[in-house]
Each structure stands twice: as C-alpha cells, then as structure tokens.
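Each residue of the sequence shown is one higher than the one before, counting from 30 in the working numbering.
The beta carbon of each residue, even a glycine, is placed where N, CA and C say it ideally should be.
Just so it is clear, the structure is predicted and the values come from calculations on it, not from any experiment.
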Amino acid sequence: YKYEGNNTSGSHKLNSAAAQVYYAKQQGLTSLTTETGAGQWGTAPAMASAYFDMELLVYMVKVSYEQKPFRKSVMETYGAQVIPSPSTTTEVGKSILAEHPGTGGSLGCAISEAVERAVGKEKCRYVLGSVLNQVILHQSVIGVEAKTAMDSLGEYPDVVVGCAGGGSNLGGLISAY
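Okay, here's the thing in structure tokens:
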C-alpha cells in the first residue's frame, strides 16, 4: 500500500504535470492550458508551472468551481488563472451557454475550452492529465516504485490493484509487472 494523500495535487498527478510542463518549457512555449473537474489535476500543472515559471490557464467545471473554492484557491496560490467552464472567454463556451444558460458545465466542455485557447494562442499548449500514451509513460514511475518495494522484500504480488479512472494510474502501475 502506498499512501500519497498528503500530496497537494493528489497522489500521482504531479508525475505527468512536471514532465509535460518541463518539456513545454524546453520547447520554448510560454503558456499552457488545461481543464480540471474537481480540481486535483488542475493543481498538479499549477504546481509544476510555478516551478518552471510558466503561465497556466485552467478551465474548471463550473459546478466544482462553485462547490470547491479551496481547490481554486490552491491553483491560484501557485499562480494559475482559473476560469469556471463554460465561460464567455471561448467560442465553444459562449455556444454552450447560449444553448444551456444554467448549465453546471462538464469535463468535455472544459476540455473544449482549454483546447480552443491553446490552438488560438501562440506558444501555448494544452496539457492533459490522463488517457494519453505519454501520461501512462510518466505514470510508470508508480509501477517502478511499487516493484522496487516488492523486490526489496523478496516478494511478488499475486494481484496488483489500481484506480482506473482515465487509465494512466493503472497503466503506469502495471507496466512494471
């Protein structure tokens, strides 16, 4: 059992955020966009962006933005700008608000807004915390750490269990086995 609950950004998310922000900085990019549902993913690139001195704009699902102001505050403490999604800052956000004025938003909407912003701004990139192949590669750190711990005990697990929301945590965990 590995407990990382005291990590401000949520256990494994910083593994990928740090790598993505680092490579964006190396490529000469000056800003990043992302989305976040409840705020944990948004916190990870906010932390990494602060460390690498990168501008970050986070589109946070509106209902979470309103229900979890402390997560918004953490992201802003690290220097990120946080916008409730859907918003009037993008064409897709305006379109969604026109059709559904009372919506609480969705992760799909926040992603669409973040991608639109990245595409429309020079030297900007969208960063995603799960699902993509490179994120699973970044999360392989989890599996290497777990296997190293088991090896140091001379043990091999009968079963490996991991969360499977977007798949990157689980993919990274099982990759070492």
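Could you name the residues of the same chain whose beta carbon sits closer than 6 Å to that of residue 141, not counting the 5 residues immediately before and after it, in chain order? These residues qualify, in order along the chain: 121.
Taking residue 63 as the reference, give the member of 79, 86, 45 with the closest Cα. Considering only alpha carbons, the answer is 86.
So, are the CB atoms of residue 83 and residue 59 less than 9 Å apart? Cβ atoms of residue 83 and residue 59: closer than 9 Å.
Please report how far the alpha carbon of residue 186 lies from the alpha carbon of residue 179, in whole angstroms. When rounded, the separation of the alpha-carbon atoms in residue 186 and residue 179 is 8 Å.
Could you check the C-alpha separation between residue 145 and residue 173 for me, to the nearest Å? C-alpha separation (whole angstroms): 36 Å.
Please name the residue in 149, 111, 125 whose C-alpha comes closest to that of residue 70. Between residue 70 and the set 149, 111, 125, the nearest pair of CA atoms involves 111.
Taking the beta strand (DSSP E) that residue 84 belongs to, which residues open and close that run? DSSP places residue 84 in the uninterrupted beta strand (DSSP E) bounded by 84-90.
Short of 6 Å in beta carbon distance, which residues of its chain neighbour residue 46, apart from the five on each side in sequence? Order them along the chain. In chain order, 73, 74, 77 place their CB closer than 6 Å to the CB of residue 46, counting only its own chain and leaving out the 5 sequence neighbours on each side.
Look at the alpha carbon of residue 137 and the alpha carbon of residue 181, and state the distance between them as a whole number of angstroms. Residue 137 and residue 181 have their alpha carbons spaced roughly 42 Å apart.
Does any residue of chain D bring its CB to less than 9 Å from the CB of residue 37? Included in the structure is just one protein chain, with no chain D present.
Provide the residue span of the beta strand (DSSP E) that contains residue 63, from first to last. Looking at the DSSP string, the run of the beta strand (DSSP E) that includes residue 63 is 60-65.
How many Å lie between residue 124 and residue 41 at the Cα? Distance between the alpha carbons of residue 124 and residue 41 is about 34 Å.
Ends of the alpha helix (DSSP H) at residue 98? Here the alpha helix (DSSP H) through residue 98 covers 98-106.
Tell me whether residue 189 sits in a helix, a strand or coil according to DSSP, three-state version. The three-state secondary structure of residue 189, taken from DSSP, is coil.
Checking the sheet assignment: what are the DSSP bridge partners for residue 112? DSSP, once it has assigned bridges, lists 88 as partnering residue 112.
Euclidean distance between Cα positions of residue 176 and residue 134: C-alpha of residue 176 to C-alpha of residue 134: approximately 40 Å in a straight line.
Alpha helix (DSSP H) containing residue 52: first to last residue? Boundaries of the alpha helix (DSSP H) around residue 52: 42-55.
Under 8 Å by Cβ, that's how I've got residue 94 and residue 113 pegged, so tell me the actual separation to the nearest angstrom. Contact check for residue 94 and residue 113: beta-carbon distance about 4 Å, within the 8 Å limit, so the pair qualifies.
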